[in-house]
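Number of protein chains: 2
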Amino acid sequence: MNKRSSLDQPLYNTVRSLILLKLRNGEWKPGDKIPTEPELAKLFSVSVGTVRKAVEDLVSEQVLIRRARIGTTVSTHEKYNQFSTFFNFSNRFDSEMLIEPKLLSFKKILANKEIGKSLGVKGGEALFVIDNLRLIDGKPTMFDRIWLPQRKFTQLTQNEFENRKGSIYSLYQSQFMMTIVRINEQVEAIQAPEFVRLELGLKKTDPVLKISRYAYTYGDEVVEYRNRYVNTSISLYQNEIGLRE
Amino acid sequence: MNKRSSLDQPLYNTVRSLILLKLRNGEWKPGDKIPTEPELAKLFSVSVGTVRKAVEDLVSEQVLIRRARIGTTVSTHEKYNQFSTFFNFSNRFDSEMLIEPKLLSFKKILANKEIGKSLGVKGGEALFVIDNLRLIDGKPTMFDRIWLPQRKFTQLTQNEFENRKGSIYSLYQSQFMMTIVRINEQVEAIQAPEFVRLELGLKKTDPVLKISRYAYTYGDEVVEYRNRYVNTSISLYQNEIGLRE
DNA sequence: GAGTGGTCTAGACCACTAG
DNA sequence: TAGTGGTCTAGACCACTCC
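Those protein sequences? They're chains A and B, same order as listed.
If you count by the working numbering, then the first sequence holds residues 78 to 322, one letter each, in order.
If you count by the working numbering, then the second sequence holds residues 78 to 322, one letter each, in order.
Below, the structure is given as structure tokens:
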């Protein structure tokens, strides 16, 4: 392939899409080593430079991991990898935090109109609702209420959720082939609702951070919706934008 | 330059630093067109490909703007450019917002220990403290208290601040050669302090979002510290992380 | 028509890992 | 020692802008 016709998208975007397709299909699975760059170039009939551009983009999007002299692998949600990017909290002393999860409840419900809209499912469809508490350095700090479409997580059990190894997104990935690749959050300050107050040990007028998060897998498909309530006198939400020199 | 000695940093990082140096020195100013890629290649004695890599990095960091067939220019904080990246608020309907600033007070003070530490200056050094309100769609929504080291903003007057064209960062840039290239924020939920309550029209127990922001220029130098208080029943803080397909 | 950044190719050497 | 991604070069054509 020596040229491209005008009005086409760049060739490396096509290559990028082809790689994403293989990931979506499960042809290359999380943790797998994908073919080397010369192999990919041959496979897609483009030059190595073009493959490299496509892979670079996917690396910067944290879908792939490139390691010199070892190879390129598909990202997983296992501990210690870059998917902790999705957890941007720190304590007030910039020190390490001990985080312990505690499952509060695990139920099946039918979607009402509002939640259905958030998850892109019809009202009346079956959902899981999971209440999950996190203790930071021993103190109950973060309350998560998570909604999942049952259709995408068939056979998920309370036991499986509670006794997962690693993060929640790691569970989605290893058991349901659902890799979370993007999140979108809206942050606001509210007075803690009662069900949160009780768990976090707060008074009626105490403010909490409320984070409404949509989590997406490949193809911009919403997989999870969650409301997170945080006692920010213990743990702060961090954000950084711009140049790092 | 055909090879690089081992243990060196990559050549394109060197080129990137050389470009940043010219920006820091003011040799290329915000809004300027910088030399073309072949010219840069000649200037730094590297190949065009290496220059392109360095420029690509600076573009993704929003320091430079590349436009095909026109040239590469230095970012400015003017309206409508990408530095609105630093303003991640939306209203609750995802519609356009009308934002009007209103200066509340403009004072000179001496740094106490705490603020001094935040700004990297000694206690007792002269600072500006500026209280600035923002009305969104006519409603007072956002209260900013801004600290600036007077040393870096000599001759800044209330009149100049109040009658600036464009954003505050645009003022820093055009009048003081201070380009903000990175911000770091800590977000928490608190009960509005009285001076905020009065301006935002809130009750004593109403929660607000508090955002503590450090703003940096080239060389990782803190230029501004501000505390922002937001009534999130009007305007939400947005954040997005990960893959965009 | 000259010049620009956008895209793409082809091929080189490097440092290091794995076997 | 073979193979990998990391880096770097040289040069090509493209679509479009500006003069």
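Where a beta carbon is used, it is the ideal one built from N, C-alpha and C, also for glycine.
Fair warning: this is a prediction, and the values are worked out from it, not measured in the lab.
Check: Burial state of F272/A, where buried means 16 or more other Cβ atoms lie within 10 Å; Outcome: exposed
Check: Distance between T231/A and N240/A (C-alpha atoms, nearest Å); Outcome: 17 Å
Check: Option in G197/B, K194/B, I223/B with minimal Cα separation from F183/B; Outcome: I223/B
Check: Outcome for K229/B when other beta-carbon atoms lying within 10 angstroms are tallied against a minimum of 16; Outcome: buried
Check: Proximity below 7 Å, CB of R144/B to CB of I176/B; Outcome: no
Check: Reference D283/B; option with closest CA among V300/B, Q315/B, A269/B; Outcome: A269/B
Check: Residue environment, T153/A, which counts as buried when at least 16 other CB atoms sit within 10 Å; Outcome: buried
Check: Closest by C-alpha distance to N304/B, when choosing among L277/B, V264/B, Y314/B, E298/B; Outcome: V264/B
Check: Neighbour flag for A266/B against chain A, beta carbons, 7 Å; Outcome: yes
Check: Whole-angstrom C-beta distance between L181/A and F205/A, which should lie under 8 Å; Outcome: With a Cβ gap of about 14 Å, F205/A and L181/A do not count as contacting.
Check: K130/A (DSSP reduced to helix, strand or coil); Outcome: helix
Check: Alpha-carbon to alpha-carbon, Y302/A and A188/A; Outcome: 12 Å
Check: Own chain partners of G278/B with C-beta closer than 7 Å, once the 5 adjacent residues on each side are dropped; Outcome: P217
Check: Whole-angstrom C-beta distance between K280/A and Y306/A, which should lie under 8 Å; Outcome: Contact flag wrong, Cβ pair sits at about 14 Å.
Check: Contact residues within the region 202–234 of chain A, judged by C-beta distance below 7 Å to chain B; Outcome: none
Check: Min CB distance V299/B to chain A below 7 Å; Outcome: no
Check: First through last residue of the beta strand (DSSP E) which encompasses N168/B; Outcome: 166–168
Check: Test: N90/A CB closer than 7 Å to a CB of chain B; Outcome: no
Check: Coil, strand or helix - A118/A by DSSP; Outcome: helix
Check: Alpha carbon of E237/B to alpha carbon of T149/A, nearest angstrom; Outcome: 54 Å
Check: Own chain, CB closer than 6 Å to K156/A, minus 5 neighbours either side, in chain order; Outcome: At K156/A, the pLDDT of 47 sits below 50, so the modelled position is not reliable; the number obtained from the coordinates is stated separately. Cβ within range, chain order: G243.
Check: 7 Å Cβ shell around G193/B - same chain, five flanking residues per side excluded; Outcome: K199, G200, E202
Check: Every unbroken beta strand (DSSP E) inside the region 238–292 of chain A [3 residues or more]; Outcome: 259–268
Check: Cutoff 6 Å; reference F163/B; Cβ partners in own chain excluding five residues on either side; Outcome: I260
Check: Contact list for V86/A against chain B, beta-carbon separation under 7 Å; Outcome: Checking the sequence, you will find Gln at residue 86/A rather than Val. What Q86/A touches in chain B: nothing, since even the nearest Cβ is about 13 Å away.
Check: Rounded straight-line distance, which links the Cα of M254/B to that of T91/A; Outcome: 42 Å
Check: Same chain, Cβ closer than 6 Å to Q235/A, neighbours up to 5 away in sequence not counted; Outcome: F183
Check: Q250/A burial status per 10 Å Cβ neighbour count (16 or more: buried); Outcome: buried
Check: Proximal residues of chain B, C-beta to C-beta of L196/A below 9 Å; Outcome: The contacting residues do not exist; L196/A stays about 18 Å from chain B at best.
Check: Residues from the region 105–121 of chain A in contact with chain B, defined by Cβ distance under 8 Å; Outcome: none
Check: DSSP-derived helix/strand/coil call for Q139/B; Outcome: coil
Check: Neighbour-count burial assignment, N308/B, 16 or more Cβ in a 10 Å radius; Outcome: buried
Check: Rounded distance between the beta-carbons of E138/B and V128/B, thought under 8 Å; Outcome: Not a contact, Cβ separation roughly 16 Å.
Check: 7 Å CB neighbourhood of W105/B in its chain, flanking five on each side removed; Outcome: K99, I111, V151
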